[in-house]
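A.B. asks: First the structure, then my questions, so here it is.
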Amino acid sequence: MALNVLVSSGILSLLVLLQTNILRVIAIGGAVPDVALIVLVFLANRNGSMPAQVSGFVAGIVQDLVSLAPLGFHAVVRTVTGYLFGLTRGNIFVDPILVPVLMVLAATVLKGLMTALIAAVFGLVSVFHGLFSTTFLIELLYNSVLAPFLFGILGLIKPLRLDTRGRAIE
Numbered sequence: 019m020a021l022n023v024l025v026s027s028g029i030l031s032l033l034v035l036l037q038t039n040i041l042r043v044i045a046i047g048g049a050v051p052d053v054a055l056i057v058l059v060f061l062a063n064r065n066g067s068m069p070a071q072v073s074g075f076v077a078g079i080v081q082d083l084v085s086l087a088p089l090g091f092h093a094v095v096r097t098v099t100g101y102l103f104g105l106t107r108g109n110i111f112v113d114p115i116l117v118p119v120l121m122v123l124a125a126t127v128l129k130g131l132m133t134a135l136i137a138a139v140f141g142l143v144s145v146f147h148g149l150f151s152t153t154f155l156i157e158l159l160y161n162s163v164l165a166p167f168l169f170g171i172l173g174l175i176k177p178l179r180l181d182t183r184g185r186a187i188e
């Protein structure tokens with residue numbers, strides 16, 4: 019399980035760096051697809067809560083380090099998201115299109131709600147644009163469209179999956 023968490027954390031961290039630097043090229047209205055969130059939801063559904071929490075925390079810390087957010091801001095959001103979507107392991111049948119879209123829609127809304135709540139509590143206006151802003155709605159659309167494709171590609175990678183005992187499937 020430790021190797022799987024290490025690989026998942028590395029993949030998510032690379033995706034965070036990719037979306038904060040390279041994916042800015044395809045930004046529409048300031049919105050960039052949250053590829054790391056989509057992959058986190060996939061990994062949480064496949065591997066369960068504990069590996070997803072750890073991987074989400076690591077990716078969140080990396081995102082905090084490369085963004086204007088205070089240290090721990092994104093880490094909390096990604097950790098909670100990993101935990102909640104890890105609870106779906108074994109409980110939801112993931113079809114090729116509808117379920118990935120619905121799960122990523124829910125994860126993006128959850129991310130938006132938690133970000134808005136934390137930003138409001140700590141007065142972090144520069145971190146979050148707004149829950150009902152055009153930027154957030156474009157990100158929601160981006161994530162929903164990319165979800166089935168990323169779930170399909172990631173489903174082909176066996177080392178990202180754990181069996182019932184927490185060991186990597188070979």
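Start counting the sequence shown at 19; every next residue gets the next number (my numbering).
Note that the Cβ used here is the ideal one computed from N, Cα and C, for glycine as well.
As a quick exercise: from Gly74, Lys129, Val59, pick the residue whose alpha carbon is nearest that of Val119.
C.D. replies: The residue you call residue 119 lines up with position 101 of the sequence shown. Selection Gly74, Lys129, Val59 evaluated against Val119 yields Val59 as nearest (Cα-Cα).
A.B. asks: Please report how far the alpha carbon of Thr99 lies from the alpha carbon of Thr126, in whole angstroms.
C.D. replies: Sequence index remark: in the sequence shown, residue 99 carries index 81 (1-based). Sequence index remark: in the sequence shown, residue 126 carries index 108 (1-based). C-alpha separation (whole angstroms): 9 angstroms.
A.B. asks: Please report the straight-line C-alpha distance between Val72 and Ala62, rounded to a whole angstrom.
C.D. replies: For this step, residue 72 is matched to residue 54 along the sequence shown. For this step, residue 62 is matched to residue 44 along the sequence shown. The straight-line gap from Cα to Cα measures roughly 10 angstroms.
A.B. asks: Rounded C-beta distance between Asn65 and Arg107? I'm assuming under 8 angstroms.
C.D. replies: Along the sequence shown, read from residue 1 onward, the residue named residue 65 stands at position 47. Along the sequence shown, read from residue 1 onward, the residue named residue 107 stands at position 89. With a Cβ gap of about 7 angstroms, Asn65 and Arg107 count as contacting.
A.B. asks: Should Thr133 go down as buried or exposed, given a rule of 16 or more other Cβ atoms within 10 Å for buried?
C.D. replies: Taking the sequence shown and counting its residues from 1, the one referred to as residue 133 is at position 115. Buried, because 16 or more other Cβ atoms sit within 10 Å of the Cβ of Thr133.
A.B. asks: Using DSSP bridges, identify the partner residues of Ala49.
C.D. replies: Within the sequence shown, the letter at position 31 stands for residue 49. For Ala49, the beta-bridge partners assigned by DSSP are Ile46.
A.B. asks: So what does DSSP say about Gly141, is it helix, strand or coil?
C.D. replies: Taking the sequence shown and counting its residues from 1, one reaches residue 141 at position 123. Looking at Gly141 - three-state DSSP - the assignment turns out to be coil, as it is neither helix nor strand.
A.B. asks: Less than 6 angstroms between C-beta atoms, sequence neighbours within five positions excluded: which residues of the same chain meet that for Gln81?
C.D. replies: Within the sequence shown, numbered from 1, the residue matching residue 81 stands at position 63. If we look at Gln81 and ignore the five residues flanking it on each side, its Cβ neighbours are Val34, His92.
A.B. asks: Once you ignore the five residues that flank Tyr101 on each side, which residues in its own chain have a CB closer than 6 angstroms to its CB?
C.D. replies: For the purposes of this step, residue 101 is taken as residue 83 along the sequence shown, with counting starting at 1. Counting only Cβ-Cβ distances below 6 angstroms, and skipping sequence neighbours, we find Ser67, Gln71.
A.B. asks: Give a yes or no on whether the C-beta atoms belonging to Leu30 and Val76 are separated by under 9 angstroms.
C.D. replies: Within the sequence shown, numbered from 1, the residue matching residue 30 stands at position 12. Within the sequence shown, numbered from 1, the residue matching residue 76 stands at position 58. Going by C-beta atoms, Leu30 is nearer than 9 angstroms to Val76.
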